[in-house]
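See structure below.
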Amino acid sequence: MDWRYALFAILTLLITAVVGYGAYKTARLLRFWQPQENLLLLPAENALRAVVLVICLLLGRGSGLPPETLGWQFPNAGSQIVTGALAGLAIALTFAGMGRIVTRYSDTRFYRSILELVVPRNRREAGLLPFALLLSVLFEEVLFRSLLIGGLSPLLPTAWLIIGFSAIFGLLHSPQGTWGIVGAGTAGAIFGLMFVWHQSLLTPLVAHFVANGVQIWLASLEFDPSSEA
Numbered sequence: 001m002d003w004r005y006a007l008f009a010i011l012t013l014l015i016t017a018v019v020g021y022g023a024y025k026t027a028r029l030l031r032f033w034q035p036q037e038n039l040l041l042l043p044a045e046n047a048l049r050a051v052v053l054v055i056c057l058l059l060g061r062g063s064g065l066p067p068e069t070l071g072w073q074f075p076n077a078g079s080q081i082v083t084g085a086l087a088g089l090a091i092a093l094t095f096a097g098m099g100r101i102v103t104r105y106s107d108t109r110f111y112r113s114i115l116e117l118v119v120p121r122n123r124r125e126a127g128l129l130p131f132a133l134l135l136s137v138l139f140e141e142v143l144f145r146s147l148l149i150g151g152l153s154p155l156l157p158t159a160w161l162i163i164g165f166s167a168i169f170g171l172l173h174s175p176q177g178t179w180g181i182v183g184a185g186t187a188g189a190i191f192g193l194m195f196v197w198h199q200s201l202l203t204p205l206v207a208h209f210v211a212n213g214v215q216i217w218l219a220s221l222e223f224d225p226s227s228e229a
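Each residue of the sequence shown is one higher than the one before, counting from 1 in the UniProt record's numbering.
Take a look at the structure:
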């Protein structure tokens, strides 16, 4: 095994472990802490996410893998964008409907929506939120689809990678309870299949962004912001 690729694989798994530990600590913190600012707009969180994203991109570039393995090519970009947008909309509407059912017929230990923590409360937040959401989605797609599925595909069967890392992706959403884990894990598997099918990061990236954006928009119709600008 080439030393550059070995270093890439080790550091990618190390970053994943650090991200997982951070999600675990966040889940514990949110049990009793209510952030005063929009959860997606916390400056320190976004700065750290941007730094780790740059590290991930550098790792991918230094891995020695071809761009198509990492999904860093965009053939038929227009078609991929449309496909991703439609898939993201379908995912958002499906999960929103399932979330309502789960909320109605289960207790809060099974499902806890944190959407009220990311709904924009004024025009400033509404203007900044798409950029913060894009950063978050780009970071997750580069790490979980590009590096962990595409980057580790020379070592393990792709199906194993999709299943395994989709489960881990779901666990990162543990602040939302069991249903949040199941829903995010399922979405992660769908994004992984899109990545492999199109051999491109563009389709799952668009689908992920649209799905999260629509979910936040639907939540904003339900929650009454505490302030307006």
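The C-beta atom is built at its ideal place from N, Cα and C for all residues, glycine as well.
The residues Q80, T83, G84, M194, in chain order, have a CB closer than 6 Å to that of T203 in the same chain once the five nearest residues on each side in sequence are set aside.
If you draw a straight line from the Cα of I101 to the Cα of G183, it is about 13 Å long. Distance from S153 to T69 at the Cβ level is roughly 7 Å; contact confirmed, criterion being Cβ atoms closer than 8 Å. A check of alpha carbon separations from S136 across L42, D2, L11 identifies L42 as the nearest. By the Cβ neighbour-count rule, A132 is buried, with 16 or more other Cβ atoms within 10 Å of its own. Secondary structure at P75: coil, using DSSP grouped into helix, strand and coil. The shortest C-alpha to C-alpha distance from Q34 to any of G150, A77, I114 is the one to I114. Residue environment analysis places A77 among the exposed positions, since fewer than 16 neighbouring C-beta atoms fall within 10 angstroms of its C-beta.
If you check the CB distance, G62 and V210 do not come in under 7 Å.
By the CB criterion at 7 Å, H208 and E141 fall inside the cutoff. Straight-line measurement puts the Cα of F165 at about 18 Å from the Cα of L59. In the structure shown, S63 falls within a coil segment according to DSSP collapsed to helix, strand and coil. Closest in alpha carbon position to V19, among G150, L143, A47, is L143. Residue state for E37 is assigned as coil, using DSSP reduced to three classes. Note on the region 89–143: whole alpha helix (DSSP H) runs with a minimum of 4 residues are 123–141, in chain order. Counted as a single uninterrupted DSSP element, the alpha helix (DSSP H) harbouring P204 occupies residues 202–222.
Nearest neighbour of I168 by Cα position, chosen from W3, L65, Y24, turns out to be Y24.
Separation of the CB atoms of G185 and G170 is rounded to 3 Å, and the pair is thereby assigned contact status at 8 Å. Bounds of the alpha helix (DSSP H) holding I168 are 158–171. Straight-line spacing of the CA atoms in F95 and G64 works out to 38 Å. Taking L172 as the centre and dropping the five residues before and after it, the same chain places the C-beta of V19, G20, A23, A184 closer than 8 Å to its C-beta, in chain order.
In the three-state scheme derived from DSSP, where H, G and I count as helix and E and B as strand, L193 is classed as helix.
For R4, the enclosing alpha helix (DSSP H) covers residues 3–29.
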